[in-house]
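A short worksheet on the structure shown next.
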Amino acid sequence: MEMLGGNNLLAYADDIVILGESKPELTSTINLLKNSEKMGLRVNESKKKFMIITRKSTVMQCLRIGQYLFEQVEDFKYLGTRLTGHVWREKDKLIHNVLINKPNGKRPRGRPRQRWLDKVNKDLESLGTTKIEDADDWELWGNEVKAAKGLQGL
1 MEMLGGNNLL AYADDIVILG ESKPELTSTI NLLKNSEKMG LRVNESKKKF
51 MIITRKSTVM QCLRIGQYLF EQVEDFKYLG TRLTGHVWRE KDKLIHNVLI
101 NKPNGKRPRG RPRQRWLDKV NKDLESLGTT KIEDADDWEL WGNEVKAAKG
151 LQGL
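So the sequence shown is numbered by UniProt numbering: it starts at 1 and just counts up by one.
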């Protein structure tokens, strides 16, 4: 989602994800955080993380931009959903939009709607594994998909 004159943000209430393809691009967006501090908004020091999404092997323990020090992680939670690199890489895919975007408007009355990810997690739990990250291993994930289909009678 492109906002604020080219700065890339995902924001919901007080949860913010800053996206960028380079350190200068991130620096530009992070400068907005400095301005928000003037209005009384503060960044939680323990929640400043960064994730490198590339096929190249990149080792970086931390990233400093101005006064902010970010810890590198392999995945992170945003709005209760664990995000990993392969989801972010698939920007044009439905899975990315389903996991990242939140629908607008009110929910209808009655039974809550089930999200696709809730069903996947339930199936993984039935199989005795709870790691969606297993999707990175094609062979392992293929076996889990076959087992999940068996649970559903497919």
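Quick reminder that beta carbons are idealized off the backbone N, C-alpha and C, glycines included.
Query, Result
"Under a three-way DSSP split, which group does residue 41 fall into?", "coil"
"From which residue to which residue does the beta strand (DSSP E) around residue 64 run?", "62-65"
"Where residue 131 and residue 73 are concerned, what is the direct C-alpha to C-alpha distance, given to the nearest angstrom?", "16 Å"
"Cα separation between residue 50 and residue 146?", "34 Å"
"Any idea if residue 144 is buried or exposed, counting beta-carbon neighbours within 10 angstroms, 16 or more meaning buried?", "buried"
"How many Å lie between residue 29 and residue 17 at the Cα?", "10 Å"
"Please state whether DSSP places residue 118 in a helix, a strand or coil.", "helix"
"Tell me the DSSP secondary structure of residue 145 in three-state form.", "helix"
"Under three-state DSSP, which class holds residue 16?", "strand"
"Distance check for residue 25 and residue 32, CA to CA, integer angstroms please.", "12 Å"
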